[in-house]
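Read in order, the letters of the sequence shown correspond to residues 1058 to 1139 in my numbering.
For glycine and all other residues, C-beta sits at the position ideal for the given N, C-alpha and C.
Here's the structure we're looking at; comments come further down.
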Amino acid sequence: MTGLGVVLLLVLLALVVGAVAIIRAVTPFIVNAVVGLVVLVLAEVLFGLEVAVTGLTLLVVAVAGVPGAVLVVLLSVFGVAF
């Protein structure tokens, strides 16, 4: 294997390791966002509460999970935000 081949192999390995690290870091936020959106949909279906799903709503739900979704619903019910 030539020097260029070794360098390319090391670059490819670094890219794969970086991609795996990014996926591991982002996965909990994606799971929180999906579960939080399910909570928001259930709040709308079961209780008739309407919450606008915006970027800020998704951010709060993705970071805080179910408690964040409950907070968003409560803030919407009391007319404070969302």
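Closest by C-alpha distance to residue i, when choosing among the options
i: Leu1116; options: Val1083, Val1068, Leu1067, Thr1059; result: Val1083
i: Phe1104; options: Leu1131, Leu1070, Ala1121; result: Leu1131
i: Gly1125; options: Asn1089, Leu1065, Thr1059, Val1098; result: Asn1089
i: Val1120; options: Leu1061, Val1073, Val1102, Ile1087; result: Ile1087
i: Val1123; options: Val1102, Pro1085, Leu1072; result: Pro1085
i: Glu1101; options: Leu1070, Ser1133, Leu1072, Ala1071; result: Ser1133
Endpoints, alpha helix (DSSP H) assigned at residue i
i: Phe1104; result: 1060-1104
i: Thr1114; result: 1112-1121
Exposure of residue i, with buried meaning 16 or more beta-carbon neighbours within 10 Å
i: Val1068; result: exposed
i: Phe1135; result: exposed
i: Ala1076; result: exposed
i: Leu1099; result: exposed
Inset, instruction - Answer yes if the region 1101-1114 comes into contact with the region 1070-1085, meaning at least three C-beta pairs across the two stretches below 8 Å, and no otherwise. - result: no
Inset, instruction - Take every Cβ of the region 1115-1134, pair it with every Cβ of the region 1085-1096, and state whether three or more of those distances are shorter than 8 Å. - result: yes
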